[in-house]
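Residue numbers (UniProt numbering): 1 to 286. Report on the structure given below.
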(Lines of atoms letter the chains of each structure in order from A and count residues from 1; the text may use other names and numbers.)
(Lines give C-alpha, C1' and ligand atoms only; values in the text may rest on other atoms or scores of the structure.)
Protein backbone atom coordinates (compact mmCIF):
# COMPACT_ATOMS: atom_id res chain seq x y z
CA UNK A 1 0.00 0.00 0.00
CA UNK A 2 1.06 3.58 -0.54
CA UNK A 3 0.65 6.40 1.95
CA UNK A 4 1.40 10.05 1.45
CA UNK A 5 1.76 12.33 4.43
CA UNK A 6 2.67 15.95 3.78
CA UNK A 7 3.42 18.10 6.80
CA UNK A 8 4.78 21.62 6.78
CA UNK A 9 6.82 22.76 9.74
CA UNK A 10 9.57 25.13 10.67
CA UNK A 11 12.80 24.57 12.56
CA UNK A 12 14.77 27.16 14.48
CA UNK A 13 17.93 27.84 12.51
CA UNK A 14 19.93 28.97 15.55
CA UNK A 15 19.81 25.53 17.13
CA UNK A 16 23.11 23.85 16.37
CA UNK A 17 21.71 20.32 16.19
CA UNK A 18 18.26 19.06 15.28
CA UNK A 19 17.48 15.36 15.76
CA UNK A 20 14.96 14.46 13.07
CA UNK A 21 13.67 11.63 15.23
CA UNK A 22 12.06 14.37 17.30
CA UNK A 23 10.90 16.53 14.43
CA UNK A 24 10.01 13.75 11.98
CA UNK A 25 9.16 10.90 14.31
CA UNK A 26 6.81 9.22 11.84
CA UNK A 27 8.81 10.05 8.77
CA UNK A 28 12.51 9.30 8.84
CA UNK A 29 12.83 6.08 10.76
CA UNK A 30 13.00 2.45 9.82
CA UNK A 31 11.53 -0.22 12.06
CA UNK A 32 13.15 -3.57 11.28
CA UNK A 33 9.96 -5.39 12.30
CA UNK A 34 7.95 -3.70 9.55
CA UNK A 35 10.42 -3.05 6.75
CA UNK A 36 13.58 -4.70 5.45
CA UNK A 37 15.09 -1.45 4.22
CA UNK A 38 14.18 2.15 3.48
CA UNK A 39 15.34 4.86 1.13
CA UNK A 40 15.32 8.47 2.28
CA UNK A 41 15.34 10.92 -0.61
CA UNK A 42 15.12 14.63 -1.26
CA UNK A 43 13.69 16.39 -4.29
CA UNK A 44 15.87 19.11 -5.80
CA UNK A 45 13.92 20.55 -8.69
CA UNK A 46 13.02 17.59 -10.90
CA UNK A 47 15.88 15.51 -9.48
CA UNK A 48 15.32 12.95 -6.72
CA UNK A 49 18.47 12.47 -4.65
CA UNK A 50 18.87 9.43 -2.39
CA UNK A 51 20.18 10.66 0.95
CA UNK A 52 20.13 7.46 3.00
CA UNK A 53 19.82 3.77 2.26
CA UNK A 54 19.23 1.91 5.50
CA UNK A 55 20.81 -1.24 4.10
CA UNK A 56 23.97 0.60 3.02
CA UNK A 57 24.02 3.99 4.67
CA UNK A 58 27.13 5.43 3.11
CA UNK A 59 27.07 3.72 -0.25
CA UNK A 60 29.64 4.78 -2.81
CA UNK A 61 26.72 5.45 -5.17
CA UNK A 62 25.13 7.88 -2.75
CA UNK A 63 24.08 11.19 -4.29
CA UNK A 64 24.35 13.04 -0.99
CA UNK A 65 26.34 16.28 -1.36
CA UNK A 66 29.58 16.21 0.63
CA UNK A 67 28.49 19.19 2.72
CA UNK A 68 25.34 17.38 3.81
CA UNK A 69 27.09 14.04 4.27
CA UNK A 70 29.44 15.63 6.81
CA UNK A 71 26.43 16.83 8.80
CA UNK A 72 24.56 13.50 8.86
CA UNK A 73 24.62 10.87 11.56
CA UNK A 74 22.45 7.97 12.70
CA UNK A 75 20.73 7.41 16.04
CA UNK A 76 19.38 3.90 16.73
CA UNK A 77 17.07 2.86 19.56
CA UNK A 78 14.68 -0.07 19.96
CA UNK A 79 15.26 -1.23 16.37
CA UNK A 80 14.39 2.24 15.05
CA UNK A 81 17.01 4.17 13.12
CA UNK A 82 16.67 7.93 12.95
CA UNK A 83 18.78 10.46 11.11
CA UNK A 84 20.26 13.66 12.46
CA UNK A 85 21.26 16.74 10.50
CA UNK A 86 23.64 19.11 12.26
CA UNK A 87 24.16 22.83 11.66
CA UNK A 88 20.94 23.42 9.75
CA UNK A 89 20.87 26.00 6.98
CA UNK A 90 18.10 27.48 4.85
CA UNK A 91 19.27 25.25 2.01
CA UNK A 92 18.05 22.21 3.97
CA UNK A 93 14.48 23.34 3.32
CA UNK A 94 12.64 21.23 0.79
CA UNK A 95 10.59 18.12 0.16
CA UNK A 96 11.79 14.78 1.53
CA UNK A 97 10.49 11.26 0.97
CA UNK A 98 10.77 7.91 2.70
CA UNK A 99 10.15 4.65 0.82
CA UNK A 100 10.21 1.32 2.64
CA UNK A 101 9.97 -2.27 1.45
CA UNK A 102 9.38 -5.49 3.37
CA UNK A 103 6.36 -6.79 5.25
CA UNK A 104 4.81 -3.37 4.67
CA UNK A 105 5.61 -1.32 1.55
CA UNK A 106 4.79 2.36 1.65
CA UNK A 107 6.05 5.88 1.10
CA UNK A 108 5.67 9.16 2.97
CA UNK A 109 6.40 12.72 1.95
CA UNK A 110 7.18 15.72 4.11
CA UNK A 111 8.10 19.33 3.51
CA UNK A 112 10.71 20.84 5.83
CA UNK A 113 10.96 24.61 6.16
CA UNK A 114 13.95 26.10 7.98
CA UNK A 115 13.20 29.49 9.58
CA UNK A 116 15.60 32.00 11.08
CA UNK A 117 13.39 32.54 14.13
CA UNK A 118 10.33 30.85 15.61
CA UNK A 119 7.93 32.69 17.86
CA UNK A 120 6.09 31.17 20.81
CA UNK A 121 2.80 29.42 20.14
CA UNK A 122 -0.20 31.71 20.49
CA UNK A 123 -3.66 30.47 21.49
CA UNK A 124 -6.76 32.29 20.25
CA UNK A 125 -10.15 31.48 21.72
CA UNK A 126 -13.02 31.92 19.26
CA UNK A 127 -16.54 30.56 18.80
CA UNK A 128 -17.96 28.71 15.83
CA UNK A 129 -19.49 31.12 13.31
CA UNK A 130 -17.32 34.08 14.28
CA UNK A 131 -14.67 35.91 12.25
CA UNK A 132 -11.08 35.65 13.43
CA UNK A 133 -7.83 37.34 12.42
CA UNK A 134 -4.63 35.31 12.63
CA UNK A 135 -1.79 37.82 13.04
CA UNK A 136 1.56 37.45 11.35
CA UNK A 137 4.05 39.87 12.88
CA UNK A 138 6.71 41.06 10.49
CA UNK A 139 4.48 40.85 7.44
CA UNK A 140 4.23 44.65 7.41
CA UNK A 141 7.86 44.84 6.27
CA UNK A 142 6.71 44.16 2.69
CA UNK A 143 7.74 40.53 2.95
CA UNK A 144 5.60 37.70 1.61
CA UNK A 145 3.60 35.53 3.98
CA UNK A 146 2.68 31.89 3.59
CA UNK A 147 0.10 30.32 5.90
CA UNK A 148 0.12 26.58 6.51
CA UNK A 149 -2.45 24.68 8.53
CA UNK A 150 -3.28 21.23 9.83
CA UNK A 151 -7.05 20.70 9.72
CA UNK A 152 -9.57 17.90 10.00
CA UNK A 153 -11.12 16.38 6.90
CA UNK A 154 -14.44 18.03 7.69
CA UNK A 155 -16.39 19.92 5.08
CA UNK A 156 -17.03 23.54 6.00
CA UNK A 157 -18.15 26.82 4.51
CA UNK A 158 -15.49 29.05 5.99
CA UNK A 159 -13.89 31.66 3.79
CA UNK A 160 -10.20 32.41 4.18
CA UNK A 161 -8.75 35.72 2.98
CA UNK A 162 -5.05 36.53 3.16
CA UNK A 163 -4.44 40.09 4.34
CA UNK A 164 -1.29 42.19 4.44
CA UNK A 165 -0.71 41.21 8.06
CA UNK A 166 -2.01 37.66 8.30
CA UNK A 167 -5.09 35.57 7.60
CA UNK A 168 -8.77 36.38 8.19
CA UNK A 169 -11.30 33.56 8.47
CA UNK A 170 -15.01 34.30 8.10
CA UNK A 171 -17.82 32.09 9.44
CA UNK A 172 -15.44 29.86 11.35
CA UNK A 173 -16.37 26.18 11.20
CA UNK A 174 -15.14 23.23 13.24
CA UNK A 175 -12.92 22.16 10.37
CA UNK A 176 -10.89 25.36 10.86
CA UNK A 177 -10.25 24.82 14.58
CA UNK A 178 -6.71 23.62 14.24
CA UNK A 179 -3.07 24.65 14.21
CA UNK A 180 -1.94 27.42 11.85
CA UNK A 181 1.56 28.61 11.11
CA UNK A 182 2.24 31.90 9.37
CA UNK A 183 5.65 32.00 7.70
CA UNK A 184 7.18 35.35 6.78
CA UNK A 185 9.18 34.76 3.62
CA UNK A 186 11.95 36.76 1.97
CA UNK A 187 11.89 35.30 -1.52
CA UNK A 188 12.44 31.56 -0.90
CA UNK A 189 13.79 31.85 2.65
CA UNK A 190 11.71 31.75 5.82
CA UNK A 191 12.46 34.77 7.98
CA UNK A 192 10.15 33.98 10.91
CA UNK A 193 7.44 31.56 11.97
CA UNK A 194 4.29 32.55 13.88
CA UNK A 195 2.29 29.52 15.11
CA UNK A 196 -1.33 29.99 16.21
CA UNK A 197 -3.83 27.47 17.53
CA UNK A 198 -7.58 28.13 17.51
CA UNK A 199 -9.45 26.84 20.54
CA UNK A 200 -13.05 26.83 21.68
CA UNK A 201 -13.57 29.02 24.79
CA UNK A 202 -14.42 27.47 28.13
CA UNK A 203 -17.55 28.24 30.13
CA UNK A 204 -18.32 28.39 33.85
CA UNK A 205 -21.72 27.25 35.16
CA UNK A 206 -22.99 27.81 38.72
CA UNK A 207 -25.89 25.88 40.27
CA UNK A 208 -27.33 24.82 43.63
CA UNK A 209 -27.91 21.30 44.95
CA UNK A 210 -31.21 19.90 43.70
CA UNK A 211 -31.41 22.09 40.61
CA UNK A 212 -31.32 20.88 37.01
CA UNK A 213 -28.28 21.69 34.89
CA UNK A 214 -27.98 21.37 31.13
CA UNK A 215 -24.53 21.54 29.55
CA UNK A 216 -24.95 22.21 25.84
CA UNK A 217 -22.15 21.38 23.44
CA UNK A 218 -22.59 24.51 21.34
CA UNK A 219 -19.93 23.48 18.84
CA UNK A 220 -21.93 20.32 18.05
CA UNK A 221 -24.87 22.43 16.88
CA UNK A 222 -22.98 23.11 13.67
CA UNK A 223 -22.63 19.48 12.60
CA UNK A 224 -25.19 16.76 11.96
CA UNK A 225 -23.21 13.61 11.30
CA UNK A 226 -21.39 13.03 14.58
CA UNK A 227 -22.63 13.48 18.17
CA UNK A 228 -20.15 14.71 20.77
CA UNK A 229 -18.50 12.68 23.50
CA UNK A 230 -18.75 14.00 27.05
CA UNK A 231 -15.95 13.35 29.54
CA UNK A 232 -15.41 14.34 33.15
CA UNK A 233 -11.93 15.10 34.46
CA UNK A 234 -11.02 12.87 37.41
CA UNK A 235 -7.59 14.33 38.13
CA UNK A 236 -4.11 13.08 37.23
CA UNK A 237 -4.91 13.36 33.50
CA UNK A 238 -7.71 10.82 33.90
CA UNK A 239 -11.15 11.17 32.30
CA UNK A 240 -14.34 9.14 32.49
CA UNK A 241 -17.01 9.03 29.79
CA UNK A 242 -20.33 10.47 30.98
CA UNK A 243 -22.47 10.85 27.84
CA UNK A 244 -22.80 10.88 24.06
CA UNK A 245 -25.66 13.33 23.51
CA UNK A 246 -25.61 16.92 22.31
CA UNK A 247 -26.55 18.01 25.83
CA UNK A 248 -25.44 16.66 29.20
CA UNK A 249 -28.38 16.84 31.64
CA UNK A 250 -28.27 16.60 35.45
CA UNK A 251 -31.85 16.42 36.74
CA UNK A 252 -31.03 16.69 40.44
CA UNK A 253 -27.61 18.12 41.10
CA UNK A 254 -25.43 16.89 43.94
CA UNK A 255 -22.18 18.32 45.26
CA UNK A 256 -20.17 15.55 43.61
CA UNK A 257 -21.38 16.71 40.19
CA UNK A 258 -19.01 19.67 40.46
CA UNK A 259 -16.01 19.41 38.19
CA UNK A 260 -14.54 19.93 34.74
CA UNK A 261 -16.47 18.51 31.78
CA UNK A 262 -15.19 18.24 28.23
CA UNK A 263 -17.33 18.07 25.12
CA UNK A 264 -15.21 16.38 22.44
CA UNK A 265 -16.19 16.54 18.77
CA UNK A 266 -13.92 16.04 15.74
CA UNK A 267 -10.98 15.98 18.17
CA UNK A 268 -11.88 19.47 19.36
CA UNK A 269 -12.59 20.15 23.02
CA UNK A 270 -15.05 22.58 24.58
CA UNK A 271 -14.55 22.88 28.34
CA UNK A 272 -17.16 23.49 31.03
CA UNK A 273 -16.55 24.11 34.73
CA UNK A 274 -19.64 23.11 36.69
CA UNK A 275 -19.82 24.37 40.29
CA UNK A 276 -22.58 23.00 42.53
CA UNK A 277 -23.13 24.91 45.77
CA UNK A 278 -25.06 23.71 48.84
CA UNK A 279 -28.47 25.19 49.52
CA UNK A 280 -28.44 28.31 51.65
CA UNK A 281 -29.23 27.75 55.30
CA UNK A 282 -31.78 30.26 56.58
CA UNK A 283 -31.04 31.50 60.08
CA UNK A 284 -34.13 32.69 62.00
CA UNK A 285 -34.24 34.90 65.06
CA UNK A 286 -37.25 32.98 66.37
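Backbone N, C-alpha and C define an ideal beta-carbon position, used for all residues, glycine too.
Which of helix, strand or coil DSSP assigns to residue i
i: residue 47; result: strand
i: residue 268; result: strand
i: residue 23; result: Since pLDDT at residue 23 reaches only 36, below the 50 mark, its modelled position is unreliable, and no value is offered.
i: residue 178; result: coil
i: residue 66; result: helix
i: residue 53; result: strand
i: residue 127; result: coil
i: residue 192; result: strand
i: residue 136; result: coil
i: residue 41; result: strand
i: residue 247; result: strand
The beta strand (DSSP E) enclosing residue i, as first and last residue numbers
i: residue 231; result: 229 to 235
i: residue 121; result: Taken as a continuous stretch (DSSP letters only), residue 121 belongs to no beta strand (DSSP E), as it is neither H nor E.
i: residue 252; result: Looking at the DSSP string, residue 252 is not in any beta strand (DSSP E), and its letter there is neither H nor E.
i: residue 206; result: 203 to 208
i: residue 278; result: Run containing residue 278: none; DSSP gives neither H nor E here.
i: residue 238; result: 238 to 243
i: residue 200; result: Where residue 200 is concerned, there is no enclosing beta strand (DSSP E), given that its DSSP letter is neither H nor E.
i: residue 170; result: 166 to 170
i: residue 216; result: 213 to 216
Proximal residues to residue i (C-beta, below 8 Å), its chain only, five neighbours per side dropped
i: residue 131; result: 168, 169, 170, 171, 172
i: residue 244; result: 227, 228, 229, 230
i: residue 323; result: In the structure as shown, the chain begins at 1 and stops at 286. Residue 323 is therefore absent and cannot be evaluated.
i: residue 192; result: 115, 116, 117, 118, 119, 137, 138, 183, 184
i: residue 257; result: 213, 250, 274, 276
i: residue 48; result: 41, 42, 97
Nonlocal neighbours in the same chain, by C-beta distance under 6 Å from residue i, ignoring five residues either side
i: residue 202; result: 271
i: residue 134; result: 166, 167, 180, 196
i: residue 260; result: 233, 273
i: residue 204; result: 273
i: residue 214; result: 247, 249
i: residue 207; result: 213, 253, 276
i: residue 199; result: 123, 125
i: residue 251; result: 212
i: residue 90; result: 114, 189
7 Å CB neighbourhood of residue i in its chain, flanking five on each side removed
i: residue 240; result: 231, 232, 234
i: residue 144; result: 185
Chain C contact for residue i (CB, 8 Å cutoff)
i: residue 125; result: Protein chain content of the structure displayed is limited to a single chain, and chain C is not contained in it.
*Counting Cβ pairs closer than 8 Å, one from the region 171 to 191 and one from the region 271 to 279, do we hit at least three?*
Contact between the region 171 to 191 and the region 271 to 279 is absent, because fewer than three Cβ pairs lie under 8 Å.
*What beta strand (DSSP E) runs, 3 residues minimum, are completely inside the region 72 to 111?*
You should have 72 to 77, 80 to 86, 94 to 101.
*Counting Cβ pairs, one atom from each stretch, are 3 or more of them under 8 Å apart for the region 106 to 118 and the region 47 to 54?*
Because the criterion of three Cβ pairs below 8 Å is not met, the region 106 to 118 and the region 47 to 54 do not touch.
_For the region 36 to 45 against the region 89 to 107, do three or more pairs of beta-carbon atoms, one drawn from each stretch, fall closer than 8 Å, so that the two count as touching?_
As far as the Cβ criterion goes, the region 36 to 45 touches the region 89 to 107, which means the pair count is three or higher.
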